[in-house]
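S.K.:
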Amino acid sequence: MKIEKDKEENKDYYLNLFKYAKLKMTGYTVAITFVNIAVFGYVGSKIDEYLNTKPGFFIALLVISFPISQFIVYKKIKNLLK
Numbered sequence: 121m122k123i124e125k126d127k128e129e130n131k132d133y134y135l136n137l138f139k140y141a142k143l144k145m146t147g148y149t150v151a152i153t154f155v156n157i158a159v160f161g162y163v164g165s166k167i168d169e170y171l172n173t174k175p176g177f178f179i180a181l182l183v184i185s186f187p188i189s190q191f192i193v194y195k196k197i198k199n200l201l202k
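Set out below in structure tokens:
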């Protein structure tokens, strides 16, 4: 009886730990993506404003921000899984 109860508690513990880790990774992914888009978008709009080339640099930097975001997320999740 006690062994079964311990196994059930252990199972719940690991399930909750997995849910927390999954939520943490999702949060990192969303935050890093939004921050990169915001920063690159802002820098692109300021360059466009300075050079009067709207919306060239804005769009270019937004396109560049996506692979950079994915690389950062990949590295962060890889470190979390160690």
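Note that my numbering gives residue 150 to position 30 of the sequence shown, counting from 1, and the numbers run on in steps of one. Backbone N, C-alpha and C fix where the C-beta goes; we use that ideal spot for every residue, glycine too. Bear in mind the structure is a predicted one, so any value in this text is a computation, not a measurement.
1) So what's P175 in DSSP terms, helix, strand or just coil?
2) For I197, which residues of its own chain have a beta-carbon under 6 Å away from its beta-carbon, when the five flanking residues on both sides are left out?
3) Any idea if G176 is buried or exposed, counting beta-carbon neighbours within 10 angstroms, 16 or more meaning buried?
4) Any idea if E135 is buried or exposed, counting beta-carbon neighbours within 10 angstroms, 16 or more meaning buried?
5) If you run the structure through DSSP and keep just helix, strand and coil, what is K144?
6) Which same chain residues end up closer than 8 Å to T173 when comparing Cβ atoms and leaving out the 5 residues on each side of it in sequence?
M.R.: Reading off the structure:
1) By one-based count along the sequence shown, residue 175 stands at place 55. In the structure shown, P175 sits in coil (DSSP, three-state: anything other than H, G, I, E or B).
2) Taking the sequence shown and counting its residues from 1, the one referred to as residue 197 is at position 77. Taken in chain order, the residues that qualify are M145.
3) For the purposes of this step, residue 176 is identified with residue 56 of the sequence shown, where counting begins at 1. Exposed.
4) In the sequence shown, counting from the first residue as 1, residue 135 sits at position 15. According to the sequence shown, residue 135 is Leu rather than Glu. So L135 ends up on the exposed side.
5) Taking the first residue of the sequence shown as 1, we reach residue 144 at position 24. The answer is helix: DSSP assigns K144 an H, G or I state.
6) Mapped onto the sequence shown, residue 173 falls at position 53. Counting only Cβ-Cβ distances below 8 Å, and skipping sequence neighbours, we find I167.
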